[in-house]
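Peer 1: So the protein lines, in turn, are chains X and V.
Under my numbering, the first sequence has 172 at position 172, and the numbering climbs by one with no breaks.
Under my numbering, the second sequence has 1042 at position 42, and the numbering climbs by one with no breaks.
Idealized CB from N, CA, C, for every residue including glycine.
All figures in this text were calculated on a predicted structure; none of them were measured in a lab.
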Amino acid sequence: MYELMIIGGGPAGMTAAVYAARKRLDAVLISKDLGGQAMWTGRVENYMGYQYIEGFELMSKFEDQVKQFQLEQKIGSQAMSLRRVDGGFEAVADNNERYQGKAAIIATGKRPRSLNVPGEERLKGKGLTYCAICDGPVFAGQKVAVIGGGNSALEAADDMSRIAEQVYIVSVTPFTGDKILVEKVRGASNVTAFLEHEVLSISGETLADGIEIRDMKTRKQKRLDVSGIFVEIGLMPNSDLVKGLTALNELGEIVVNCRNETDVPGLFAAGDVTNVQEKQIVISAGEGAKAALQAHKYIQRL
Amino acid sequence: MAAKEVKVYSTPTCPWCKKAKQFLDASKVTYQDFNVAQDHAARDEMVKKSSQTAVPVIIIDGEIVVGFNEPALKTKLGIK
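#1: Run through DSSP, which three-state label would MET59 (chain X) get?
#2: Among X:GLU261, X:LEU123 and X:THR246, whose alpha-carbon lies nearest the alpha-carbon of GLY210 (chain X)?
#3: Give the DSSP-derived three-state secondary structure of ASP1033 (chain V) in the structure shown.
#4: Go ahead and pull the three-state DSSP assignment for ALA132 (chain X).
#5: In chain X, what lies closer than 9 Å to THR1053 (chain V) by C-beta?
#6: Taking PHE56 (chain X) as the query, report the chain V residues whose CB atoms sit under 7 Å from its CB, ordered along the chain.
#7: Please list the partners that GLY252 (chain X) has in chain V, where partner means a Cβ-to-Cβ separation under 8 Å.
#8: Please state the DSSP three-state secondary structure of TYR19 (chain X).
#9: In the DSSP assignment, what residue or residues form a beta bridge with ALA91 (chain X)?
#10: Are there three or more Cβ pairs, one per stretch, closer than 8 Å when the segment 153 to 165 of chain X is compared with the segment 247 to 260 of chain X?
#11: Hey, could you find the ends of the beta strand (DSSP E) GLY204 (chain X) is sitting in?
#12: On the DSSP bridge assignment, give the partners of ARG223 (chain X) in chain order.
#13: Tell me where the beta strand (DSSP E) around ALA1042 (chain V) begins and ends.
#14: Contact defined as beta carbons within less than 8 Å: I believe GLY101 (chain X) pairs with MET1 (chain X). What is the distance between those atoms, to the nearest angstrom?
#15: Return the first residue and the last residue of the alpha helix (DSSP H) that ARG162 (chain X) is part of.
#16: Taking the CB atoms as reference points, tell me whether VAL28 (chain X) and GLU72 (chain X) lie closer together than 7 Å.
#17: In this structure, does DSSP put SER369 (chain X) in helix, strand or coil?
#18: At a CB-CB cut-off below 8 Å, which residues of chain X make contact with ALA1026 (chain V)?
#19: Would you call the segment 221 to 238 of chain X and the segment 114 to 131 of chain X touching, i.e. three or more CB-CB distances under 8 Å?
#20: Helix, strand or coil: which one does DSSP assign to ILE30 (chain X)?
#21: According to the Cβ coordinates, are VAL1036 (chain V) and TYR1009 (chain V) closer than 7 Å?
#22: Counting along the chain, where does the beta strand (DSSP E) carrying VAL170 (chain X) start and finish?
#23: Take every Cβ of the segment 101 to 116 of chain X, pair it with every Cβ of the segment 5 to 12 of chain X, and state whether three or more of those distances are shorter than 8 Å.
#24: Closest Cβ-Cβ distance between MET160 (chain X) and chain V: below 7 Å?
#25: Leaving out five residues on either side along the sequence, give the residues of the same chain with a beta carbon under 7 Å from the beta carbon of VAL199 (chain X).
#26: I want to verify the contact list: residues of chain V whose CB lies under 9 Å from the CB of MET39 (chain X), in sequence order.
#27: Between ILE6 (chain X) and LYS222 (chain X), what straight-line distance do the alpha-carbon atoms span, to the nearest angstrom?
#28: Span of the beta strand (DSSP E) holding VAL1066 (chain V)?
#29: Is the separation between the beta-carbon of TYR298 (chain X) and that of ALA79 (chain X) shorter than 7 Å?
#30: Identify the residues that DSSP records as bridge partners of MET1 (chain X): which are they?
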């Protein structure tokens, strides 16, 4: 049994790992990959010490720093569940590996929210994407639909308006993003907005070829022929692994106090998966540090 | 053993494409890099061969690896 299991390898998890290693804890870092959501962030201009850095590059630096320390890493292993066992906790990963720790820090972050409509699961990566910044350029010259009305959706629509033939933006609400982005999107000649419309289904055989939408007021349905679909409807906390073990708030975030403690002794959480206000790289890193220091104190008291 | 033919289909904005190329560079693997944001013929080829629109797509002697999957790349390239 390890002294500490750190689950999740984004800014919070990697910072916790460095702090745990410096406290000479017998710790393990378990994560499907390193970098987390910060990998998808293009420009980072508010992580102190760097005037400008790409999210991907910043996470490579985090990774290098983790590697400087003696710390066991289980990368490629995604923890699916966590339960209490005698003397601590046991995590079971997707590859059926089991890990045990006297204490645990959950730093599993958030993932893109799904539409939950027919065709979505099947056409993932086959026209449908949750990463406009990555896959957007693949659809140059084609017709695409962006789903969502917030900043991420508006940014995706703005980016795509420059390279796609036609961009549809479909949102269940009026635009909720920044005014400046709304103006940009409204001003683009090849963008058509369908506000207060919901997506009913995604169609296509081997590749996506269209979406079915419905006006939420008139209930009138309409089909849009598109080869690219960008889903940008917000994020969901990756808290499923502790559901039933500890308290979650109405958003599904793990409830922690200012010492990163959950309501289960020895179970800590940090970063975007928690109810801590503001989801920022610098904040997650700080929370990861706090959680590791608290976990160290907890282990010392055992 | 003859070197394997490795093709990387990527976009300049995708972080996992950069990760994948860093891994191939570090492993001293020679590969052809297709920027599908600009090269539409390569894009069509990628979509046709892999039925995938998500980058990176890496094709090693005809075998397709989607995303940056380090264990899969290692196996297919024979890297320990």
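Peer 2: Reading it off the structure:
#1: helix
#2: X:LEU123
#3: strand
#4: helix
#5: GLY125, LYS126, GLY127, LEU128, THR129, ASP135, VAL138, PHE139, LEU207, ALA208, SER227 and GLY228
#6: PRO1015 and LYS1018
#7: Within chain V, no residue comes near GLY252 (chain X); the closest Cβ sits about 26 Å away, beyond 8 Å.
#8: helix
#9: X:LEU82 and X:TYR99
#10: no
#11: 197 to 204
#12: X:GLU212
#13: No beta strand (DSSP E) holds ALA1042 (chain V); the alpha helix (DSSP H) holding it covers 1040 to 1050.
#14: 6 Å
#15: 151 to 163
#16: yes
#17: With chain X running from 1 to 302 in the structure shown, residue 369 (chain X) is simply not present.
#18: The premise fails here: ALA1026 (chain V) is roughly 12 Å from chain X at the closest Cβ pair, so nothing lies under 8 Å.
#19: yes
#20: strand
#21: yes
#22: 166 to 171
#23: yes
#24: no
#25: LEU115, VAL117, ILE147, VAL170, ILE211 and ILE213
#26: PRO1015, TRP1016 and LYS1019
#27: 47 Å
#28: 1063 to 1066
#29: no
#30: Note: MET1 (chain X) sits in no beta bridge, so no partner.
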